[in-house]
Amino acid sequence: RAELAQVKEEAAAASASDAERHSSELSKLRSESDARAASAATELSEMKAAMEAETLLLSAQRDEAVAKEKATREEAAAALEQALREQAGKEAEKAKAEAAAAEMVRKKEVEEVEEKLKESQAALVEATAAHAAAMEAERTARAAEMQAANEAHLAKVAEIQTQAETSMSKLR
């Protein structure tokens with residue numbers, strides 16, 4: 001009986017030690033996973049801030065190009081009016097052609113800036129989706145790690161119980 005009691009005590013001590021180690025490992029896994037998640041969230045925030053800043057810059061460039069286009073159009077219209085007053089014919093046609101050319105250049109600039117803005121916004125959406133997928137994969141991996149640790153602990157407890165039962169059977 002004393003030996004049986006000793007075997008039971010050893011089994012209980014081993015189980016408690018195993019449970020404590022398992023709890024410590026789980027706590028460590030959680031801490032590491034939380035640190036990775038926090039790092040990923042910080043990285044996403046920085047990426048989003050950079051893309052938003054780029055979007056604001058491109059938006060400002062587009063507004064500037066639109067304002068230049070408007071100013072050019074107004075200047076060309078004023079020059080055309082002046083030319084019509086001063087002389088007819090060739091000067092008026094020349095001013096009109098220059099105004100059309102300047103307007104085309106400004107429109108092209110606006111189109112280019114708008115295209116860059118669209119690309120930047122698409123990249124921001126893509127980066128956000130990629131980060132969400134990475135966070136989901138991280139959560140899935142963490143759950144799998146914890147499940148594996150739990151299963152290992154349960155297997156160890158079952159092994160200790162089997163050893164205790166074997167010892168008890170031998171004592172009988």
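full-length UniProt numbering puts the first residue of the sequence shown at 1, with every later residue one more than the last. Built from N, CA and C at the ideal position, the CB exists for glycine as well.
Three-way DSSP call (helix, strand, coil) for residue i in this model
i: Q87; result: coil
i: R106; result: helix
i: R62; result: helix
i: R1; result: coil
For residue i, the nearest candidate out of the options (CA to CA)
i: A76; options: E54, E86 and E103; result: E103
i: K70; options: V110, A149, E114 and A164; result: V110
i: A13; options: K170, L171, A164 and A37; result: A164
i: A99; options: E74, E86, G89 and A127; result: E74
i: D18; options: A152, A144 and A130; result: A152
i: A11; options: L29, K68, A158 and V125; result: A158
i: A123; options: T162, A53, S15 and R142; result: A53
i: S23; options: Q161, M146 and A2; result: M146
i: R36; options: A2, R21 and A134; result: A134
i: E138; options: A2, R21 and S39; result: S39
Cβ-Cβ distance between residue i and residue j below 7 Å
i: L56; j: A149; result: no
i: E114; j: R62; result: yes
i: R106; j: T128; result: no
i: L154; j: L58; result: no
i: A79; j: A95; result: yes
i: residue 198; j: S167; result: Missing from the structure shown is residue 198; the chain here goes from 1 to 172 and no further.
i: H131; j: L44; result: yes
Return the chain-ordered ranges of every alpha helix (DSSP H) run that is complete within the region 99 to 172 and spans a minimum of 4 residues.
none
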